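Under the working numbering, the first residue of the sequence shown is numbered 914, with each subsequent residue one higher.
We treat Cβ as the ideally placed atom computed from N, Cα and C, and that holds for glycine.
In this text the structure is predicted, and so the values were computed from the model without any measurement.
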Amino acid sequence: MAPQALDGKPSQTAWERWEMASFTQKNVLPASVLNTPAPEPASLVPTLQIDEAELAALRLQARQTGEAEGRKQGHAQGLAEGHAAGLAAVQAQAAQLQALAQTLPAALQLAQSSVADDLLALALDIARQVLGQALAAEPQAILAVVHELLQAEPSLSGTPQLLLHPDDAALVKELLTDDLKAAGWRVRTDAQIARGGCRVMAHSGERDATVQARWERVSAALVRHPPPEHLAVPESAEPA
C-alpha cells in the first residue's frame, strides 16, 4: 500500500508512475473566503480638488480679463469711428473751402465794384452839398459861368438869349453889361432855372449850362450810369 501524504492523498514514490488528476474534482475554497464581499470598483470620474477661494479668484480673473479685452476692442473701435468721422468732417470743410475759393474772385470783384460805387456815391453826395453851400454863399459864381459861355460860344448866330434866375439876372446885368452888349446877347429871366446856372438859346443852337446839366455831365464822367435821384440837383440850387 502506498504511503499517505499529509493532505490525505497517496504520496508518490520514485518508482511509481505519475497519473494525471481528474478534472472533475473541484477546488473548494474556504467558507471565510467565499463569504467576503467583493470590493467595489474604483470610480472612473475624476474629482476636482479646489476650494471656494480659488474658484472665486479664477472667476474674478476671468471677469477682469474679459473686461480688459472689451475695453481694448471698444477703444480700437472708437478710434476707428473717430478717425472716420474726423476724416469726413475734414473732407466736407475742404469741399466748402474749394467752393469758396472758386467763387472768391467773382465775389471780390463784386465787392470791389460795390465798394467803389458806394464811395463814389458818397463823394458825389458830399460834392452836391458843398456845391449847394458854395452857390448859396457865393452868388457871384454865376458870373464865371456866363463869362465862360461868352468865350466858348462865339459862333451863336442871331441874337442869343441868356436865360437866368431873376436874382442871377440882376447880378449879371450889373457886372457883365459891356460883355453882353459886345456879344449881342440879351438877358431874360426864368424862375425855373436854379441859381448858379443858365441857358443860352439862339437860332443856331442852344447851350445848357444849368446846374442840373453840369452835374449830370460830371457824374457821367465818373460813373457808367446816371447818378441816383437824390444826387440829381444840389438842394440849395433848386429853382425858387
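Is residue i buried or exposed, if buried means 16 or more other CB atoms sit within 10 Å of its CB?
i, result
"Gly-1109", "buried"
"Asp-1091", "exposed"
"Arg-1112", "buried"
"Asp-964", "exposed"
"His-988", "exposed"
"Ala-1122", "buried"
Round the Cβ separation of residue i and residue j to the nearest angstrom and send it over; I've been treating them as touching at under 8 Å.
i, j, result
"Val-1059", "Leu-1075", "7 Å"
"Leu-1093", "Leu-1056", "Actually they are not in contact, since the Cβ atoms of Leu-1093 and Leu-1056 sit about 11 Å apart, beyond 8 Å."
"Leu-1084", "Ser-1117", "Going by Cβ atoms, the distance from Leu-1084 to Ser-1117 rounds to 27 Å, so no, they are not a contact pair."
"Pro-1079", "Met-1114", "The pair is not a contact, with the Cβ atoms about 17 Å apart (cut-off 8 Å)."
"Leu-1154", "Arg-1099", "Because the chain in this structure spans residues 914 to 1153, residue 1154 falls outside the shown range and cannot be described."
"Ala-1107", "Val-1124", "5 Å"
"Thr-1102", "Ala-1134", "With a Cβ gap of about 31 Å, Thr-1102 and Ala-1134 do not count as contacting."
Where does the unbroken beta strand (DSSP E) through residue i begin, and where does it stop?
i, result
"Glu-1119", "1118–1122"
Name the two residues that bound the continuous alpha helix (DSSP H) containing residue i.
i, result
"Leu-1084", "1079–1088"
"Leu-1062", "1054–1065"
Would you identify the three-state DSSP class for residue i, choosing helix, strand or coil?
i, result
"Gln-1074", "strand"
"Arg-1108", "coil"
"Asp-1091", "helix"
"Ala-1134", "helix"
"Leu-992", "helix"
"Glu-1051", "coil"
"Leu-1000", "helix"
"Pro-1140", "Low per-residue confidence applies at Pro-1140: pLDDT is 49, beneath 50, and the placement is therefore not dependable, though the value from the model is reported in the following sentence. Here Pro-1140 sits in coil by DSSP."
From the DSSP secondary-structure annotation, give me the bridge partner or partners of residue i.
i, result
"Ala-1115", "Gly-1118"
"Arg-1227", "What is shown of the chain runs 914 to 1153, which leaves residue 1227 out entirely."
"Arg-1099", "Gln-1074"
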